[in-house]
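Number of protein chains: 2
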Amino acid sequence: LIEVRGLKKIYTTGDVSVEALKGINLSISNDEFVAVMGASGSGKSTFMNILGCLDSPTEGEYYLEGSPVNSFSKDKLAEIRNSTIGFVFQGFNLLSRTTALDNVELPLLYSLESAKSSKKQDTKKIAKRALENLGLSDRIHHYPNQLSGGQQQRVAIARALVSQPSLILADEPTGNLDSRTSVEIMAVFQKLNEQGISIVLVTHEMDIAQYAKRIVEFRDGHILRDHMVPRQ
Amino acid sequence: LIEVRGLKKIYTTGDVSVEALKGINLSISNDEFVAVMGASGSGKSTFMNILGCLDSPTEGEYYLEGSPVNSFSKDKLAEIRNSTIGFVFQGFNLLSRTTALDNVELPLLYSLESAKSSKKQDTKKIAKRALENLGLSDRIHHYPNQLSGGQQQRVAIARALVSQPSLILADEPTGNLDSRTSVEIMAVFQKLNEQGISIVLVTHEMDIAQYAKRIVEFRDGHILRDHMVPRQ
Ligand SMILES: Nc1ncnc2c1ncn2[C@@H]1O[C@H](COP(=O)(O)OP(=O)(O)OP(=O)(O)O)[C@@H](O)[C@H]1O
Ligand SMILES: Nc1ncnc2c1ncn2[C@@H]1O[C@H](COP(=O)(O)OP(=O)(O)OP(=O)(O)O)[C@@H](O)[C@H]1O
Ligand SMILES: [Mg+2]
Ligand SMILES: [Mg+2]
Numbered sequence: 008l009i010e011v012r013g014l015k016k017i018y019t020t021g022d023v024s025v026e027a028l029k030g031i032n033l034s035i036s037n038d039e040f041v042a043v044m045g046a047s048g049s050g051k052s053t054f055m056n057i058l059g060c061l062d063s064p065t066e067g068e069y070y071l072e073g074s075p076v077n078s079f080s081k082d083k084l085a086e087i088r089n090s091t092i093g094f095v096f097q098g099f100n101l102l103s104r105t106t107a108l109d110n111v112e113l114p115l116l117y118s119l120e121s122a123k124s125s126k127k128q129d130t131k132k133i134a135k136r137a138l139e140n141l142g143l144s145d146r147i148h149h150y151p152n153q154l155s156g157g158q159q160q161r162v163a164i165a166r167a168l169v170s171q172p173s174l175i176l177a178d179e180p181t182g183n184l185d186s187r188t189s190v191e192i193m194a195v196f197q198k199l200n201e202q203g204i205s206i207v208l209v210t211h212e213m214d215i216a217q218y219a220k221r222i223v224e225f226r227d228g229h230i231l232r233d234h235m236v237p238r239q
Numbered sequence: 008l009i010e011v012r013g014l015k016k017i018y019t020t021g022d023v024s025v026e027a028l029k030g031i032n033l034s035i036s037n038d039e040f041v042a043v044m045g046a047s048g049s050g051k052s053t054f055m056n057i058l059g060c061l062d063s064p065t066e067g068e069y070y071l072e073g074s075p076v077n078s079f080s081k082d083k084l085a086e087i088r089n090s091t092i093g094f095v096f097q098g099f100n101l102l103s104r105t106t107a108l109d110n111v112e113l114p115l116l117y118s119l120e121s122a123k124s125s126k127k128q129d130t131k132k133i134a135k136r137a138l139e140n141l142g143l144s145d146r147i148h149h150y151p152n153q154l155s156g157g158q159q160q161r162v163a164i165a166r167a168l169v170s171q172p173s174l175i176l177a178d179e180p181t182g183n184l185d186s187r188t189s190v191e192i193m194a195v196f197q198k199l200n201e202q203g204i205s206i207v208l209v210t211h212e213m214d215i216a217q218y219a220k221r222i223v224e225f226r227d228g229h230i231l232r233d234h235m236v237p238r239q
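Quick look at the structure:
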């Protein structure tokens, strides 16, 4: 599903360069559930942004489902970002002037234009259900600044799941959630993975990483360790 | 130090009301180190915003150092927010068009105007040191969007500490930090508490709460439990 070779990312600020990724080699097959861990600033989000086709590497190759991503057209990339991949951002990235319901509906409107599934009137229903599944049925018309941190995070998760992507990239999806809600979210992810959806999840909490089947540890732009999680 | 009685907070959105706090009674003395826990949406940040004089209750009283906060002048409130209290926001609240160094310097510039300590040329030095203490010496000229999630969080923490406040209110200060950095941050908080600084810290991680001396548990706008942490 995912193949990266010699992935490098260098950010240049004025005359200062930061080498966020220093040569990542990694393969992730279909149905995998991978946890990505590592120190703050070790390159996890940079890696996720490249996997999610939201940013491109300075060097190296990224193959998604066998095809080189740098060969994809603008349309193909947009379709991947909105339908194939569900992305939960570390900072939520909700539109502040848009209600929870409309934020979650967005990926569906894109697929609508690209003549994928559901009719227009269904998209609001589908978005509503996604929010209900995350315990937000009585917050659907709230704006992000009218939601608690954990509620904003759950809206971001609902948005990532709503178009039933085949790959979920979640960057610290439980950072703002209490233990009980975190366990509920991880149960949702586990169920989706059992149904065949591939998941790559960044977390700094070992309890959360234990839900995955494999842990990849980043350190200073490199992969330090890559091992299977012993079955519980 | 802190005395709240019958604290209520109701948010009204259109014709819908949300009762975020339903009558909080709580006392916190000097030198205390209190962890606030509870489910997502249970009222923790709302409570912290009122304690931090960033918002006012719909009902009830809040006494800070014996005086009723609702009697404070605008200037007194501004001084409290910038010098007396160091606030770490759940969402960081960094100014996006401002470098890490300048973000951290802000509270000092306020005290400067109010003819408190340090001369102008020192404020940049003091801010620089605060960032160095949190391992960000090589990021001081970066803008927030050029920083990782955990680095942004550390800038927010540096800003809260820079004016040497007597009370620190930290809302999920380790949510985006790896375990090692979290432990370092908690060690800083413990050291400050031993020096007499009072700390109220919201967290959803029990490991983090264990650093505190007392745990107050919120549920649905109420205080469910309030107990001391057994000495380790
Ligand atoms: N500005 C607002 N307008 C309307 N409702 C609000 C507003 N701010 C918060 N709320 C609601 O008040 C309740 C309490 O919010 P609060 O942010 O205090 O929760 P919290 O305990 O900090 O949650 P979390 O752990 O998710 O950060 C939530 O249900 C939230 O939806
Ligand atoms: N736009 C940018 N410009 C300059 N440097 C950047 C930029 N984005 C990230 N960096 C730097 O690249 C490094 C890796 O950042 P990244 O966000 O990938 O780390 P991370 O592992 O996700 O960290 P965290 O756990 O704190 O979220 C960091 O040192 C950061 O300062
Ligand atoms: Mg990150
Ligand atoms: Mg909160």
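For the record, the sequence lines run as chains P and C.
Numbering follows my numbering, in which position 34 of the first sequence is assigned residue number 41; successive positions increment by one, without gaps.
Numbering follows my numbering, in which position 198 of the second sequence is assigned residue number 205; successive positions increment by one, without gaps.
C-beta atoms are modelled at their ideal positions from N, C-alpha and C, and glycine is treated no differently.
If you reduce the DSSP assignment to three classes, tell me which class residue i lands in.
i, result
"C:ARG12", "strand"
"C:LYS220", "coil"
"P:ILE33", "A small fix is needed here, since residue 33 of chain P is Leu in this sequence, not Ile. Note: P:LEU33 maps to strand in three-state DSSP."
"C:LEU184", "coil"
"C:ALA42", "strand"
"C:PHE225", "strand"
"P:GLY157", "helix"
"P:TYR150", "coil"
"P:THR105", "coil"
"C:PRO6", "The first residue shown for chain C is 8 and the last is 239, placing residue 6 of chain C beyond what the model contains."
"P:THR65", "coil"
"P:LEU141", "coil"
"C:THR5", "Residue 5 of chain C falls outside the range modelled here, since chain C spans only 8 to 239, and no answer is possible."
"P:ILE57", "helix"
"C:VAL190", "helix"
"C:SER118", "helix"
"P:PHE196", "helix"
"C:VAL169", "coil"
"C:ASN100", "coil"
"P:ILE133", "helix"
Taking residue i as the query, report the chain C residues whose CB atoms sit under 7 Å from its CB, ordered along the chain.
i, result
"P:ASP185", "GLY45, ALA46, SER47 and HIS211"
"P:GLY182", "GLY182 and ASN183"
Using a Cβ cut-off of 8 Å, pull out every chain P residue sitting near residue i, in sequence order please.
i, result
"C:TYR18", "GLN153"
"C:SER52", "SER155 and GLY156"
"C:GLU191", "Near C:GLU191 there are no residues of chain P at all, since even the closest Cβ is about 10 Å away, more than 8 Å."
"C:GLU201", "Within chain P, no residue comes near C:GLU201; the closest Cβ sits about 25 Å away, beyond 8 Å."
Taking the Cβ atom as the reference point for each residue, do residue i and residue j lie within a distance shorter than 8 Å?
i, j, result
"C:GLY59", "C:ARG12", "no"
"C:LEU141", "C:ILE164", "yes"
"P:HIS234", "P:MET44", "no"
"C:LYS16", "C:PRO75", "no"
"P:PHE225", "P:SER80", "no"
"P:ARG146", "P:ASN110", "no"
"P:GLU39", "P:ARG221", "yes"
"P:ASN183", "C:GLU139", "no"
"P:TYR70", "P:GLU26", "no"
"C:ILE230", "C:ILE204", "no"
"P:ALA46", "C:ASP185", "yes"
"C:VAL190", "C:LEU115", "no"
"P:TYR18", "C:GLN153", "yes"
"P:LEU108", "P:LYS135", "yes"
"C:VAL41", "C:VAL207", "yes"
"C:SER52", "C:VAL223", "no"
"P:SER36", "P:LEU14", "no"
"P:PRO172", "P:GLY93", "yes"
"C:GLY6", "P:GLN97", "As shown, chain C starts at 8 and ends at 239. That puts residue 6 of chain C outside it, with no answer to give."
"C:PHE54", "C:LEU28", "yes"
"C:THR105", "C:HIS149", "no"
"P:LEU101", "P:VAL162", "yes"
Name, please, each residue of chain C whose Cβ falls closer than 8 Å to the Cβ of residue i.
i, result
"P:THR188", "ALA46 and SER47"
"P:GLN97", "GLY156 and ASN183"
"P:GLU26", "Here the premise fails: no neighbours, minimum Cβ distance about 12 Å."
On the DSSP bridge list, what partners appear for residue i?
i, result
"C:ILE215", "According to DSSP, C:ILE215 bridges with nothing at all."
"C:ASP233", "C:VAL223"
"C:GLU26", "C:ILE17"
"C:ASP178", "C:VAL209"
"P:PHE94", "P:LEU176"
"C:TYR70", "C:GLU10 and C:PRO75"
For residue i, go through chain P and note every residue whose CB falls closer than 9 Å to its CB, in chain order.
i, result
"C:HIS234", "Within chain P, no residue comes near C:HIS234; the closest Cβ sits about 17 Å away, beyond 9 Å."
"C:GLU139", "Under the 9 Å cutoff, chain P gives no residues; its nearest Cβ is about 15 Å from C:GLU139."
Show which residues of chain P have a CB atom less than 7 Å away from the CB atom of residue i.
i, result
"C:HIS149", "THR20"
Whose Cβ in chain C lies nearer than 9 Å to the Cβ of residue i?
i, result
"P:GLU224", "The contacting residues do not exist; P:GLU224 stays about 10 Å from chain C at best."
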